Structures are given as structure tokens and as C-alpha cells.
Amino acid sequence: MRKRGLSFLAFLGTVAVVLAPAAARAADTVDIAVIVPLSGPNATVGEMIVNATKLAVEDINGAGGIKSLGGAKLNPIIADATNDPQGAVTTAERVLSQNKVAGAYGLALSPLTTAALPAFVKHHVPVVTSAISDKLVTPDNGGYLFQIAPKGTAFGNQQVEFLKFLNDKYKMGITKAAILYVNNPYGTATEKGIEQLAQKAGMEIVLDSAYPENITDASPLVSKIQRSGAQVLFPVSYITDASLILTGLRSADSHLLVIGGGAGFIWPPIGESLGDKVNGLISVASWNLDSKNVKDESKLSGVTQRYQKAYGTFMPEQAGEAYAGISVLAAAIEAAASDDPAKVRDALAKLHVTGGGGAMMQPGEVEFDENGANTHVVPVMIQWQNGVPHTVFPESVATAEIVKP
Amino acid sequence: MRRALVIFAAWMAAAAAGLLLKNDYFASVATAMAFLALWAQSWNLLCGLTGNISLGHSVFVAVAAYVTVILFQQAGVSPLLGGLLGILGSVVLASIVGAATLRLRGPYFTLATLSAAAVVLSLILHYSQLTGGPSGLAITFAQDSPFDLEFTNVRAYFLIATGLLAAVTLFLDFLKRSKLGFYIAAIKSSEEAAAAAGIRVALVKVIVFCLSAALTALGGVVYVFYIGFMDPNFLSGLTLSVEIALIAVVGGMDYLIGPIIGAIFYEAIDVAANATFGASGGWDVMLLGFAVVVMVMTEPRGLCELTIRLLRLIHRRPARFWS
Amino acid sequence: MTALLEIKGIAKSFGAVRSLVDITFSVEDHSIVGLIGPNGAGKSTLINILTGVYAPDGGNVQFAGRNLGRIATAERARLGLVRTFQRPTPILDLSCIEGVMVGGLARGLSVGKARNAALDILTSLGLREAADQSPRKLPTGHLKLLDFARVLMLAPRLVLLDELMAGLSFSELEVVLGAIERLADRGASFLVVEHLLDVIKRLSRRLVVMDAGIIVAAGEPTEVIRDPRVIEAYLGDEAGAVLVEAEPAPVSSPLALSSEELISTPFKSAGTGPMLEVNDLVTGYDGIEVLHGVDLIVKEGETVCILGANGAGKSTILRAVMRQLPCWRGRVSFLGEDITNVKAFAPAHVGIGYVPEGRGMLASLSVRENLEMGAHPGGARAAFARNLERVLSLFPALVSRLGDAAANLSGGQQQMLAIGRALMGSPKLVLLDEPSLGLAPQIVSHVYGALTELKSSGQAILLVEQTVGKALALSDRAYVVDGGKVVLTGPSDNVRSDKLLRDAYLGL
Amino acid sequence: MIIFLQSILNGLLIGGVYALVAMGLNLMFGVMKLVNFAHGEFLMAGMYVAVGLASLGTLPGAFGMFGIYWVAIPTMFVMAAVGLAFYLLLLDRAARFGESPQILLTIGLSIGAQGLAQVLRGSGFKLVPNPINGAAIRFGGLNLQLGPAIAFIVALAATIVMAWVLRATRFGKSARAVAESAETAEMLGIDARRVYIVSTSIAIGLVGLAAALLIPYQYTFPNVGQNFVVVAFLAIVIAGLGNVVGAVFGGLLMGVMQSLTASYFDLDLSTAAIYLLFLAVLLLRPQGLFTRGRRTL
């Protein structure tokens, strides 16, 4: 009996510890939750988002905060969604039940989003996310999820469109495609899109194979590709496997066309590690720092430069989406003229952003359909040129000429 | 009997606390805690007996959960029935793994369970049209439906989880003084002598393995509806297995309350870490890991042993009550 | 009618060591058969085969007209073929009575019935009041009684008692004997493995004697004991005859002599200054005290032997000196240096070589490497070549085997290697623990030949033996240990003719 | 055919690194009967050390593209020192605990170390740009990635040295004696504790070497250790727990199996296959495939 008492003490102790920070909260601020993976293999994603969030909040508050709330300042409450769904749920519950937040941004990964969503629905807090799974934007999501990034299948679509475009432009006559994807939600989602559309486009899929996360050696995959006789490779990979595949191909002296599936192929580390060998690499991206909508808007391009200055790398896609997402959220609060999350949700549903930070997302405007999908957004194709990814497709947002692969 | 009452009272207290607790966060922490304690308790039934560490127990959670959910979503079988089938599935798996590994000792056993889990994991990944592959399966529902284990109020899951925990603890307490309990004790102290006393050691071990798996699976069935989502790495990955083992051993494998203490300790550290460093990654993981290291270094036999030692320091009376 | 237990041509080897060569005998229904033999004769191996722990290499066992074949231990127990263990096996997490109940439960009794039955048995064994205690605190004797009680719960037809009586107090002994006799009257049979001959004489009409894996004699106890082959086997050699026939010789010896007295007593041996001194040594295994204050001394150039029955504590003395056991009380010093609490690897470095019981081979290392491992003590590295030459001339058999793994040596060669390895450290004193254990007679005499050579080269030796004759012949002085105490000491010749020695062995 | 040979080659190359990691694991198990679940995190730590050193600069042109490898030796020694601390701070005391607490201890350490790495160095992926990454030699249609090839050669050299140490040196023989029976070894005057200390340092030092060989072509990040150590575990069991030299063959075998299955089947099923083989070995031949009789280390 004594020991049980003891354990309850321990429990109460932690209660105290946790309630403490919740107590302090200035009156003229609007809290928003930023819940992203900050530990485990995907922590990098979280860090990019947090970096961008800081810039966005800086700008919004610098521009006088939420005017409709008497210039209340935006106050991001950053929390670690960890790397597993259980962690995401408890974190969401922690943040949502200990703070009165007007809205939330983050989660970023489909499993975390799927698991944590019910908590947001229960607390009636809208969450803007950069997770790309199509499954998220269905009537099941309770109407509290707003997906600012393009749908997973849209990426495949764009990659295939781009290939067609290349075929026409350079008469490459590419017909045999190989798909190589990491065996996780992100990989499988993207792969579906590529596979369906490639067939529609009359491509022959000569290789369509998954590989586990955390591989330490890609050379078997490379020999697989070579054996398949593919002319173009659509790899969907994170940073380590992306690098292994690229170096593997190079060391095998293979010159087939690679159209990367985002993530690993566009994050700063790949550029740093490959040096100038990275130039010419092509990939799809959910956002890029020199798309027309960013480049032509000095404010926004200024943001990308500040990011470069503050964090030492160019502004990656996750950061761009985050900046847009936070701004959109702010715009919704502004429109709702209230920090009541339910009202903010309704505002988000009606919202049509055409300027300000929200325009960071290509093509420069954001609108959500009844399932919370971003109706305007399309993925962009980038090509690494002198160490930085440049937007080369679609024409609507392209700012750089393609260097023939 | 007295113990049974205490356990029941403890459950009532916990349940009441859970219901009165205004704070959803602590409700969810407490629920997670209850599930972890339940699993650690079931884990300890096997590993407390053999003294070996299983790093594959999450697979029993996963099998039960997958069977239940797949039956539910694709054949509309109520989880109450599907759950039974799920548990059965776990038991079948356990009987195979158990029969194969019961000869193994120490690290051999640990590595065997670990890789058995890995096999199942990659099978779940492979048969994706059934299991949803790496993207896993989501259970979304809008309104209460008790017979489908669907409750919009998470407190319900807290009640069920703590209820199951209490029930399992009671069951194990009763088991201790049953025929099987005596056999387990005999085997624990010397397999040779146990056999010489006419105990079918191998059979008893397999039975215990299956029992342990069944109880673990029981938790898994409810848990998956609570969390509303499952994917292979999450449910049958190493992380959960390790959590279960850590909690049981840190709590104290020789004590009925050990796993519960362990779960409280584990979640408490997590809560504290998140409260202090929640906004920056790494800290929580680091603190959890090193807390375990410190714990083992100070008292390898777990928190219960430590508590008892402290109590002895305070006043002579040895607290054997929960042993 | 056919016998209850029929053992036909059982053979069993472990690696190079042939533990059982060819064992054939039977136990009639309603009978008590005694089984004796020196350490390493293969008695325990035989029991493990009868209970299905080991599978025999050859031969078969019939129980109640049924071939046991590969039937598992538990099933055999349920058939009524049960055993006790040399070392007590209490169930630590259960109370005494629960531990006993287990036997009944396995037999199919309900928990309630089993409890009553267990209570009766405990009462009959005089353990009534211990029933609800934890066995952790009980003395060895009680624990052994508990084991006995547990097998009784199985309603056995044949009980294999593996040195159940060793370590029991006189009163406990009476209780057990009583119980055995009562059970025998109710029709149970027993195979009693013991060193206490008088116990066997009292219980059994039939005695089987084993040595080095074969049966050397069988028949009516009193006759068998007089059989010279038995004396040879059981007590070593002709000298043993003295033991059985000896008239009480006039040697007055207080039960435990203090070391001072020992030194002061004049000896014909070449001993000068004291080398190894053990004062009032108390130690034991997991909480159970085995040595109750032993005094012992070895002087330079002396050969001393420690005699005593199995379980008397002979090896324990050596293990304590080598720091493989912690000393609970007392003091061990070597050449005036206190080594009571030094690290486990230190004794070798101060100059004590050790040949452990069972030879302690490093089986995976080659013979040469084993010898090199012996040469760790500082000075020995320099003297390596000389020592190696000495060892190889002492045991020429090893020369051709230097490259082979120790595992592949024969038992005799392993024993030689063990001795040689100890000598490689150029020790000032060599401790030998039963060098004759499990070896064929001619090998034993070969080993002793080598020891005699060593002795004549002035090497100090402390020898633990069971085979009295050769040990006494070799040594200058002898200690007789019984029940963890030195009961007799003096020049070997006097000891040989002392009745106390005989008591220590045959427990008459 | 050429593809087949290429797969074998790839397998052997990556297997070299597995071998280095596995060797250390088995040395520790053989001598101390301790399975070090934190071994991967020592690799991770080693890689951070190596990256740190490499970012200080690489050797001048004379060494051509191999300038980055100067970090190998320092990293090895730094990690050996870490191993020493590991023993003195934790294992020395934990040696008295049972197996279960030891397993738990190393698991806890593994988790904690991953957290610590992120707290100290962030979660980013680090790879010092260097000419080795992606460079390759080609012959007869086969191509040989330079980074893995160098790792393989060094690993082989290290193996030969280790084999020699264990067979020929005084320490090696003592280690084998302790591995077989610490009690017997001590009664012969061998200081078992010293053997433990040295073995731990060597084991962790080897991991350090492996780390230095990896950084030219593998990213460094907090969880990187897991990717390698899991395979190393499979390797040591297949080779036989405690069999140091066998572990090398285990590592190479794992590499080849991975490579073959990966180039001819779907990877997720091949994982299942590999683990099944692992289980089979564990159950049918617990002493491992490359261990004859009762040999130790």
C-alpha cells in the first residue's frame, strides 16, 4: 500500500511540473500550436518547419500582429510530435488541453497526422499540415484538417507530365521507366501516382520495386535498375538512400535520366555532400524557393534570403510550406477576428489567400476544398543548378531554363 | 483475498481519478500508462519466469490488432468477437515461437524473439493489400458504438485499460497460488528439480508463453481502437517491444506491482521531459535512456527492490506484501 | 517375478572421458539396494541416465517391465521413478509446504488435497513447524528432508537417493532412515547412493560397488565390503585393507588441533619454516557453512595430504586458499604474507600452483597454450623454457600432443597437463585436488609416480585425496577432515593406523 | 552473369564494414558474455568524431583523393578511450548483474546516446564532401565503389591482425582462456578484469575504425548506428556468438545475402528470409555456422 502511495506522489509531482508552464501566458497574444517531429529519424523535417515558423511569426507580428484582435501577437507553442503515433497523440493532447490555441500547424508525416487528428477534432482545433497522403483529405477527417501541400498522387502526376515535356522538347524518346521507392507511407503514396500516370502516358514500367527504410547499401538496387534496361528512374527516397542511389548510379557509370521524388533529392544535405556533382539533378518538390510566386514577390524572396542567412542553408520545401501554412493560419485568425479555434476553422474553410505570406505557396494563392485539400497548389519540378534547386516546370511558376540532362 | 481487495480498490481509485481528471493530456498519458503497464505485466508473466528478456512482445499486440481491425473493416465482424480471434491468432503464433525458443537462454532467447518479430513485421509489410502495408490502417468513427469498441470520449478507453490492468493483475495474483503458479515457481528455481518432481517443464513453459501472449494481445485489441490507427513499425516494431521490456525490468521482475511502478516511472519521466524540453527534440529520448541506465546501475533488480530497501532504511519492517 | 528396475549394459562418455563403461544390474521390487563407489565412479551419471537427464550411449533401462527409452524425466517421475539431488533443491519462492505440495500436484492431486498430504509428510519428517516458512533460512539438513518429502508426494515405486544422508545431523539421519523403512514396508523400493557404509549396511540387503564406470562387485553388504576388489576400488589400494581391518591404534588426537601445536609437534619430514598457514578457516557455499574453523599448515619441501569422505570439505579448503571462495572467518597466509582477501588471480602470483578437481582444462586451447597459461606468474615467464622441459620430461606423453586442443586429450593426459600447467608457474607449493579422480588404476599409479618424482625434487605439495593408500604412501603428514573439521592429524604412518580415519571414511 | 558477380562483389564490400562491427560485438560477448545493444551507438559516436576531425581538413594533394582517411587512426584511438570509460563507468559494476539487467543497461544506453547525439549535434545529416564518394574503379564490366572497397580492405587487414592477436599474443591467449572459464583463468594468475578492460577498448576501437571508413560515403546522423548494428547482430549469431574471426565471415555472408536477395527479389520479403535463416541457425545450430566444437573467440 505504501508503495502505491509513493507512486501516486511521483505522479502528482509530474502533474505539478507540467502545469507550471501552462500557467504563464500573456493576455494580448494568440497561441498557435506547432507540433512536429523533433526527435527520431524525421527530426530534420521538424527543425526545418520550426525555423520557418520563427520567420513567419516574426513577419506577422512585425506587421502589427492580428489586427482584428487589436494587434495581438502570434505566439507559437512548439512541441515534439516524436516519431511514433502514440507520441503524436499524447503531445497533441498535451498542447491542446493545456493551452487555448487558435489553430495548429505541423505533424508533417502521414502516420502522425492520422493518429493525432481525432484529438484536434475533439478539441475543435483546425490543423494545417504538410503531410501529403491522399487519405488525409477525405470526408472522414472531421473537417479540421487542411492540407497545404499537394496530394501524394499529384507528385507522380507532375513527374510524368514533366517527362512528357522533356520528351517533346528534346526528343528523348523515353519509354521505359523504373520506379524505386522507400517502403513507407510517403514512398508508397508517391509511387501510386507515378505508376498510374506513367501507364496512362504510355510508359512501360520495367521495374517497380520497394526497398526498406535505413538501407546501408544501394548498389543492389543500382544493378537491378541496370538489369531492367530502364531509360528513366523515378526514385522516391529520403536523404541517405537518395545519396546512396545517386552515388551508386554514378559509380556504375550509368547515365539514365533520374527524376527524383522530392524529400532526399531536394534537401540541402544532398547538395552539400555531393558538391558540384549535384548540378543537373532533377526532382519534384512540393515547394521551391525560386518559383515565380516567390521570386517576383520581393517580400517573399527576402524571406528566403533571411532563412539562408539565419540557418546557413537555402530554404527547403518543408520550410516554405511552413511559412505559407503559418501565414494562412494567421490570415484565418485575422478573418475570424477571434482566437476561438472553431471560428478559425470556419474561416480557414472559406479562406482564399492571394497575397501576403500565404502566397509563398505556388501558384501564389491558397484555397481549401470541403475536404481540406489545397485546390490551387501543384508540385513543381526543380533542377539543381550551381548548388541550388531552381524551378524549371511547370511554366506557370518556372523561373529557370532546363539544362538538358 | 486481502490483495484482491487492494487491487480492486486501487483500480476504483485510478478510475475515479481518471474520470475526475479535467486535463485531457493526463487522461491520455494515464491511458497510455495503463496499456504499457498491462503489456509489461503480461510480458513479466513469461520473462519473470524464465529470467530471459523477450524483445518481440509487440508482435502479439500487432497480430491481435491487425486480425481484429481487418475482420472489422472488411467483414464487419464486431471487435468483441474479432478480438477473440485476434487473441487466438497471437496465441497460435506464441505457441510456435514458444515451442521453438524455450530451450534458448539469455541473449539467444532475446535475439530469437527479436527476429521472430522482425519476420512478422516484414510479412505485414508485404501483404499490403490486406494490411495497408507501411501506410497502415486508420479507424475513423464519429459516434459511440460500444460493441465496436468505439468511444468518442477517450475516458472510456482509460476505464477499459485500467480495468484490464486490474483484472490481469488479479489473475496473475490468483495464478501464483494455483497449480500452474506452483509449477512456475518450481521451474524458476530449478528446471532439473522441477522435472524430477514430475512437472512437464517444456509444456508448462509453452503454456506460459501462450498465456503471456494472450494477455498482451488482449491489450492490443482495445489499444488499436483507442489510438485509432496502426502501422507495422508502430505496432510490431522494436520500439514498443523495448518499451514493454524496459518498463517491466525497471519496475522489478520479481514483483506483481513491478510493471505498474515501471510504467508510472517511465511515463513520469516522459511527462517531465516533455514539460521541460517539449519544444526541442532529443531531450526526452535522452532522459528516458539515461534514466534507465542510472536505474539499473543503482538497483539492477528494479524500482520495487529499491523502494523496499529504502523502506528498510526508514524502519526495519521488510515490505514483502507485494512479492 | 521380474525386477522393478532392469539396467542392461548402460554406457556413457563425455568427450574423451568414459564415465560409464558397461553397467548391468537390477533392483527387485520391495527392495533396498545400496550403490557405492569412489568419486568419479559414475554414480551420479548413472542416476541422471535412469531419470532421463542424459541419454545413454548404449544399453537400455526397463522400469516395471517397461522400456524407458527416451521417456522424459517428468514422465518417469509420474511412473513412480523419482530421485533426490546431492545438493538440496528448495523452491525458493514458495513456502516449504508449497514446495513439497508440487510433487502431489504433478501426480494430479488438487491443491487442497496436496496440502494435507504434504502436511502429513512434513509432520512425519519432523518439519511440521517449518511448513509455512520460506526454505531460504533453513539449514542444509532440513532442505534435504524437504527434497525427500517432495519425492514422497509422488507416491514413488522406486526412489533414487543421491547422497541424501551426506550432511545430515544424526537425528535427521534417524528420521530419514525411519521414513525410508516405513516406505519400504509399504512396498516402495530404493536405490541408495551413499558414502556412509553403515547406513547402507543397515538399510539394504544388497550392495553394488562401482568404480571407473564398471561394477566391480555386488552382493551382501558385509561380504562385499570385505571383498579385496571393493577395497581396492573404494579405498584406493591394499593400504585400504588396513582401514577395514585396522585395530584401534593408540594415537590421541583432540578433534581440532591449533596450528601452534601442529608446528610444535616434531615430524620426520624435511619440513623447516612454515609455508602455507591456514588458521580457523570458516567458509561455505551460498550461505551454507561448510568449513567450521580449519587449521592447517604446510612447511617448505613438505608433502601433506588431506583425507576425508566425500562432502567432508577437503576441496573447499583448497578453493578457499585459491580465493575461489570468500573466507567468512579466519586467516590464510603464504610465506608470512596474508592472502586471505587478495584478488582471485593473486595466489598464483605468490607462488601457489593449483590443480583443480576435474582438471580445469582450457579445452579450446592447445596443450602448449594451456602450459603457457600456466606461466603467468612474474618469474615464470623467464623460466618458461626450463619449466617446459621439466614438465615434458615429467610427462613425456604430452610431447607428441603439444599442438592438439586439450579437449581431445584422454582423461589421464588431461590430468598430466593440469599438473604440468601448475608447474609452469614455477610454484613454491602445488595444491592437487583428487588427481586420481575418474582415472583407471594404471593411470593413477603413473600420475602418482610423477608426484613422487616431484616430491623427491623438493617440491612442496598439498594433496587432497579420497583414495587413501597412495596419498598416505606419498605424503609426510596427513590431515583427516570430517564434517568440515580437522578430526585427526599427524605423520602419515600414524594416521594410516588410526581408527578415526576409518570412522571419517566409513562413518561407523 | 555479370550482374550476379557484381552483386557478390557489392555484398562483400558492404560486408567488410559489418564484419568490423560484428567482430567487436563478438569479442565483448566472448569474453564477458555480454551482448552490447549499444554497439551501434558507439559506431554513431565514432562517425561524429570522424566527421568532426575530417571537417578540420584533409591531407594535402600528395595523398590524392585519399586525404580524408587520416581520421581513421585518431578516431580508432578516441573510441578505444571511450570504450575504456564505458567499461570503467558501467560494465565494471554491471559485470556482477545478471544477463537481463545487462541487456537492459545497454539498451538504455543506446536510447540515451541517440538522444544525446541529437541534443549535442542536432538531427541533421552530415557528410563531408570528398572525392571518394561515388568514385569507382571499373574492370571487366564490374565496377568497384572506392569507399566501400577501401573499407573492405582495411576491414580484412584488421581481421587478420585480430586473428593474429588472439592466436599469438599473450593477451589474445589470456582472452581466450578467460572466454572459456574466467575462474580457471584467474586461478592460473590471469587478471580477468584487465582482459575485460582491454577487450572492451579493442571492441569499441574497432567500431571507431569502421566509423572512420564509413564517413566518406555514408551520412552521419543520430540513428545511423541502428542501420548497421542490426545486421551485425544477425552476423554474429550466424557466425556463432563469441567467435571473433567467424564474425567476419558472418558479416561478409550477411552482406552477400542482402545484396543477392536485393538484386533478385523484393527487399521486404528478403528481410523475412534473412531473419528466418537467422532463427533456423539460432534453433538448430546455436553455436553458429562457423564455429566448430567448443572453441572460444
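Protein chains in written order, with my numbering: chain A, 12 to 416; chain B, 0 to 322; chain C, 1351 to 1858; chain D, 49 to 345.
All C-beta atoms, glycine included, are put in the ideal place defined by N, C-alpha and C.
Quantities reported herein were computed from a predicted structural model and do not represent experimental measurements.
For L175/D, at least one C-beta of chain A is nearer than 8 Å to its own C-beta. Beta-bridge analysis with DSSP links C1655/C to L1813/C, A1828/C.
A check of alpha carbon separations from S57/B across L174/B, A160/B, P231/B, A271/B identifies P231/B as the nearest.
Short of 7 Å from the beta carbon of A211/D, and not among the five residues preceding or following it, lie these beta carbons of its own chain, in chain order: V293. Using a CB distance cut-off of 8 Å, A31/B counts as an interface residue toward chain A. When beta bridges are read from the DSSP output, M1560/C appears opposite I1565/C. Straight-line spacing of the CA atoms in P1388/C and P1785/C works out to 13 Å. With contacts defined as CB atoms closer than 8 Å, A1698/C and M302/D fail to qualify as a contacting pair. When beta bridges are read from the DSSP output, T1666/C appears opposite no residue.
For V285/D, the neighbours in chain B by C-beta distance under 7 Å run, in chain order, L110. Under the three-state reduction of DSSP output, K182/A falls in the coil class, being neither helix nor strand. With contact defined as three or more Cβ pairs closer than 8 Å, the segment 334 to 352 of chain A and the segment 62 to 79 of chain A are in contact. Along the segment 1705 to 1728 of chain C, going in chain order, the ones with a CB nearer than 7 Å to a CB of chain D are P1706, G1710, L1712, A1713, S1714, L1715, E1719, E1722, M1723, G1724, H1726, P1727.
For R1673/C, the three-state secondary structure derived from DSSP is coil.
Taking the Cα positions, L137/D is about 12 Å away from A129/D. Residue contact with chain C for D140/D: absent (no Cβ-Cβ distance below 8 Å to any residue of chain C).
A residue is called buried when at least 16 other Cβ atoms come within 10 angstroms of its Cβ; S240/B meets this threshold and is buried. K1358/C and D1372/C have their C-alpha atoms spaced approximately 8 Å apart.
Under the three-state reduction of DSSP, D151/A is assigned to helix. Here F157/A carries a strand assignment [DSSP, helix/strand/coil].
DSSP places R1731/C in the uninterrupted alpha helix (DSSP H) bounded by 1728 to 1732. In this structure, DSSP gives E58/A a helical state, which the three-state scheme calls helix. With fewer than 16 neighbouring CB atoms inside 10 Å of its own CB, F146/B falls in the exposed class. Contact note: T319/D reaches chain B through A117, S121, using a C-beta cutoff of 8 Å and chain order. L1744/C places its beta carbon less than 8 Å from that of G1770/C. Secondary structure at P246/A: strand, using DSSP grouped into helix, strand and coil.
Ranked by Cα distance from Y254/B, the first of L92/B, A14/B, A155/B, L171/B is L171/B. Around the beta carbon of E202/A, 16 or more other beta carbons sit within 10 angstroms, so the residue counts as buried. The criterion of a C-beta distance shorter than 8 Å is not satisfied by A90/A and A126/A. Cβ-Cβ distances below 7 Å link L177/A to M183 in the same chain, with the five nearest sequence neighbours on each side left out; the list follows chain order.
Secondary-structure assignment with DSSP links H363/A through a beta bridge to E378/A. For V241/B, the neighbours in chain D by C-beta distance under 8 Å run, in chain order, I155, I159. In the DSSP assignment, W395/A forms a beta bridge with P400/A.
Just measuring C-alpha positions, the residue of R261/A, L156/A, M214/A sitting nearest Q242/A is M214/A.
D39/A does not reach chain B, its nearest Cβ partner there being about 22 Å away, counting only Cβ pairs nearer than 7 Å. The three-state reading of DSSP puts H387/A in coil, since its state is none of H, G, I, E or B.
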